[in-house]
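Written below as structure tokens is the structure these notes are about.
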């Protein structure tokens, strides 16, 4: 469960950071693909595994910068710009993969992170350091958002940018910072797939996980702790789905097509959205571009 | 640096914006072509020749453009009312499945209808399937405030898995030698070819007709006015006494039906049956086309032909010089972003 949850935790934290500052980032799906690809290529070229993670974060940050430029500076529709980022990041990754490896059927493999066998903690010792990183980041992001001046400023520009401006805060810079940092986390989330869960890059490996993260943030009411909970719950259903598939036919005595099990996570994401939607307290300025002197 | 709203948008700027965006896109794309190690000029010449330069290229482009016009219209009409329907892909497959369910399955079941009756039934079923698929997210949006982008995106995955399940199960073609493809439409239901020895089918005419119809609807009818008003400002529209959520539902039905029709016409005009790879992302590309067309139904046709030409041209270019076909997807994505910026610059000017 923890292994499935790791990219979701990282991705959800990334989305959460962006949205708390008032910017929806639908680029996550593509940024995860790009992070997965970039991290894997870096390691394949001889970088260390953590080097790969850093490259993935940097890749995410670059796309985040583009998204911020489009939505914060230019005030374009955050929906459409995010989709554009996803299309761009996904297609660029596919393109770069084909340019780098023109004629291979199966991608070359790397040696991914090993489980932390030496750790004295019973469940964690089967996981890789990246899972530990994700778990540590949850309280870290919560602390950053709730207990530091920077976090307060971020939440302010997400709720009421005009008031934040009145307090002498630089709305544009703060939003840039949040989007770039959040996108870097999304890149890391993608790199978990190539550097820890698997050992190579495949075209459809992200497969909607990014969109699930966006749903999870709503489910978590924009709180990091609840985001962890949501990601774990979600991963539990995904694991359950895999179990049920393996027990094919045995589950409830019914012979169901395996695709129904695969659907379960996506259906759960929609159900989760609907359940919390009524009492969801969106950051007030989410999806609203801020232009000085304009109402 | 800051942005300042222009008092009015000039016609010249509106015409120039797409051209500037395309030029910028090709410029950025050339960097990638150069990176792939191909001669830029020759690659672009091949791209354009492959997309528009011969009878074969042109007919292939028009064949590809047919579903793209429809998904582009689906996105354009929805976006006009600020209903961000990103689920055209799923709606397309739902439409295709419904078409085959009506037009293919009944054979031999003793239930016989003349093709004249069956064809409209098939089309209606496909449009209904697409419309109903979008109705869910639209209602969730208006009743519960659930963001429709995420729900339509997630529905794409669900529908694709459902298609996959049905192609393995109930709708599998027993004569397909294990390939996951559906039973075929009967021949009488297949669309005629528009041009001999090509794959262009009469569905293209339907797509063109619908783009004009949709333009007229948006421009001359009450519903069209309401759609534009809701898109311009839902609160102002509600204040003016317009039924905002009812308009949203109507737009959803219209948009979903268009995407469902795209699926039916693909089946009836091109493939004859449903496969899992019958649409290489026509739904998502439709969003790009709608943006390129600045949500204008007539311009959707031009944008769809442009994008289809890029896709077809990239296939033939990558066979000739060593540039991966994914260049087409990259170009489409860059075009979307450039177009967004260009549209913005028609409304705002940059001041220091």
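Protein chains in written order, with my numbering: chain A, 408 to 702; chain B, 7 to 358.
Just so it is clear, CB atoms sit at the ideal spot from N, CA and C, and this is done for glycine as well.
These numbers were taken from a predicted model, which means no experiment stands behind them.
* So residue 92 of chain B and residue 158 of chain B are in contact, right, with Cβ under 8 Å, and what is the actual spacing, rounded? -> 5 Å
* the region 560-567 of chain A / the region 496-505 of chain A touching (three or more Cβ pairs under 8 Å) -> no
* Asked: How many Å lie between residue 124 of chain B and residue 200 of chain B at the Cα?
  -> 21 Å
* Is residue 170 of chain B close to chain A, meaning its C-beta is less than 8 Å from at least one C-beta of that chain? -> yes
* Asked: If the cut is a Cβ gap below 9 Å, which residues of chain A does residue 336 of chain B touch?
  -> 494, 495, 498, 499, 501, 502
* Span of the alpha helix (DSSP H), counted from its first residue to its last, around residue 288 of chain B -> 288-298
* Asked: Can you give the Cα-Cα distance for residue 58 of chain B and residue 235 of chain B, rounded to whole angstroms?
  -> 38 Å
* Would the beta-carbon of residue 327 of chain B fall within 8 Å of that of residue 52 of chain B? -> yes
* Any idea which residues DSSP pairs residue 9 of chain B with across the strands? -> B:356
* **Member of A:503, A:578, A:597, A:417 whose CA lies at the smallest distance from the CA of residue 446 of chain A** => A:597
* **Through-space distance from residue 217 of chain B to residue 448 of chain A, alpha-carbon basis** => 45 Å
* To do: For residue 297 of chain B, return the contacting residues in chain A, with the cut-off set at a CB-CB distance below 7 Å.
  => 487
* Closer than 8 Å at the beta carbon, the chain A residues around residue 352 of chain B -> Ordered by position in chain A, no residue passes the 8 Å Cβ test against residue 352 of chain B, which lies about 13 Å from the chain.
* Counterpart residues of residue 474 of chain A in DSSP-defined beta bridges -> Its beta-bridge partners do not exist; DSSP assigns none.
* Do we get a CB-CB distance below 8 Å when we pair residue 339 of chain B with the residues of chain A? -> yes
* To do: Buried or exposed for residue 657 of chain A, please, with buried defined as at least 16 other CB atoms from any protein chain shown within 10 angstroms of its CB.
  => Residue confidence for residue 657 of chain A is low, a pLDDT of 47 falling below 50, so the modelled location carries little weight; the figure read from the coordinates is stated next. Residue 657 of chain A comes out exposed.
* C-beta atoms of residue 76 of chain B and residue 169 of chain B nearer than 8 Å -> no
* Asked: Buried or exposed: which applies to residue 135 of chain B, given that a residue is buried once 16 or more other Cβ atoms fall within 10 Å of its Cβ?
  -> buried
* The alpha helix (DSSP H) spanning residue 633 of chain A covers which residue range? -> 631-653
* DSSP beta-bridge partners of residue 199 of chain B -> B:207
* Asked: Is residue 650 of chain A buried or exposed, if buried means 16 or more other CB atoms sit within 10 Å of its CB?
  -> exposed
* Asked: Which residues mark the beginning and the end of the alpha helix (DSSP H) in which residue 249 of chain B is found?
  -> Run containing residue 249 of chain B: none; DSSP gives neither H nor E here.
* Any chance the region 664-680 of chain A sits against the region 451-459 of chain A, with 3 or more Cβ pairs inside 8 Å? -> no
* To do: Please compile the residues from chain A whose C-beta is within a distance smaller than 7 Å of the C-beta of residue 163 of chain B.
  => 615, 673
* Going by Cα to Cα distance, which pick from B:241, B:221, B:29, B:106 is closest to residue 338 of chain B? -> B:29
* Can you grab the Cα-Cα spacing for the pair residue 21 of chain B / residue 470 of chain A, in whole Å? => 29 Å
* Asked: How far does the alpha helix (DSSP H) with residue 548 of chain A in it reach, from first residue to last?
  -> 536-554
* To do: Inspect the beta-carbon positions of residue 72 of chain B and residue 275 of chain B and report whether they are closer than 8 Å.
  => yes
* Give the secondary structure of residue 413 of chain A by DSSP, where H, G and I count as helix, E and B as strand, and everything else as coil. => helix
* Please classify residue 601 of chain A: does DSSP put it in a helix, a strand, or coil? => helix
* Asked: How is residue 187 of chain B classed by DSSP in three states: helix, strand or coil?
  -> strand
* State the start and end residues of the unbroken alpha helix (DSSP H) segment that holds residue 697 of chain A. => From DSSP, residue 697 of chain A is part of no alpha helix (DSSP H); its letter is neither H nor E.
* So, using beta-carbon positions, are residue 424 of chain A and residue 548 of chain A closer together than 8 Å? -> yes
* Could you give the residue range of the alpha helix (DSSP H) that holds residue 497 of chain A? -> 485-507
* Asked: Does DSSP put residue 15 of chain B in a helix, a strand or coil?
  -> coil
* Asked: Which value, in whole angstroms, describes the spacing of the CA atoms of residue 491 of chain A and residue 643 of chain A?
  -> 31 Å
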